[in-house]
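Take a look at the structure below.
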Amino acid sequence: MIKKGDTVYIIKGKERGKTGRIVRVLKDSTRVVVEGANMYKKHARPKQQGQKGEIISVSRSIHASNVMRVCGKCGVRTRRGHSVANGTKIEVCKKCHAEL
Ligand SMILES: [Zn+2]
13 MIKKGDTVYI IKGKERGKTG RIVRVLKDST RVVVEGANMY KKHARPKQQG QKGEIISVSR
73 SIHASNVMRV CGKCGVRTRR GHSVANGTKI EVCKKCHAEL
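If you want our numbering, it's the 1-based position in the sequence shown plus 12.
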């Protein structure tokens, strides 16, 4: 399961090749927001009358299948392996076997 704080590598779309941290996982876990990726400009309405509206950059979510988790230990883009520790199934990096 992908979670907030994971480092991922984007494998598809216009942001392909970028690495970033997950800042948000949407409710059903099929979409994630990656820090600094898939930015778009949004015009914000002025909060009060007489103020100017501003243009802010917002990260759009991307589909979770378009990212690959990067191992925090060895930095390798990895497919997850499974291991059993103390009777619990855990996800591990296939390369260095660190727990993900
Ligand atoms: Zn690793």
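Beta carbons: idealized from backbone N, C-alpha and C, even for Gly.
The model shown is predicted, which means the values in this text are computed figures rather than measured ones.
Between the CA atoms of residue j and residue i - distance to the nearest angstrom
{"i": "T31", "j": "K54", "result": "23 Å"}
{"i": "N13", "j": "I102", "result": "Strictly speaking, residue 13 in this sequence is Met, with Asn absent from that position. When rounded, the distance between both Cα atoms is 11 Å."}
{"i": "K26", "j": "M51", "result": "11 Å"}
{"i": "Q60", "j": "E66", "result": "12 Å"}
{"i": "D18", "j": "A110", "result": "14 Å"}
{"i": "H94", "j": "I74", "result": "26 Å"}
{"i": "V44", "j": "R28", "result": "15 Å"}
{"i": "K15", "j": "K64", "result": "37 Å"}
{"i": "S69", "j": "E47", "result": "11 Å"}
{"i": "A56", "j": "T90", "result": "39 Å"}
{"i": "A97", "j": "P58", "result": "53 Å"}
Contacts around residue i, its chain only, beta-carbon distance under 6 Å, and the 5 residues preceding and following it disregarded
{"i": "C86", "result": "K107, C108"}
Range of the contiguous beta strand (DSSP E) that encloses residue i
{"i": "A110", "result": "Run containing A110: none; DSSP gives neither H nor E here."}
{"i": "C105", "result": "100–105"}
Inter-residue CB distance, residue i and residue j (contact presumed, cutoff 8 Å)
{"i": "V20", "j": "V82", "result": "6 Å"}
{"i": "A49", "j": "S77", "result": "Not a contact, Cβ separation roughly 15 Å."}
{"i": "M80", "j": "I23", "result": "5 Å"}
Contacting residues, own chain, Cβ-Cβ under 8 Å from residue i (five flanking each side not counted)
{"i": "R92", "result": "R81, E103, V104, C105, K106, L112"}
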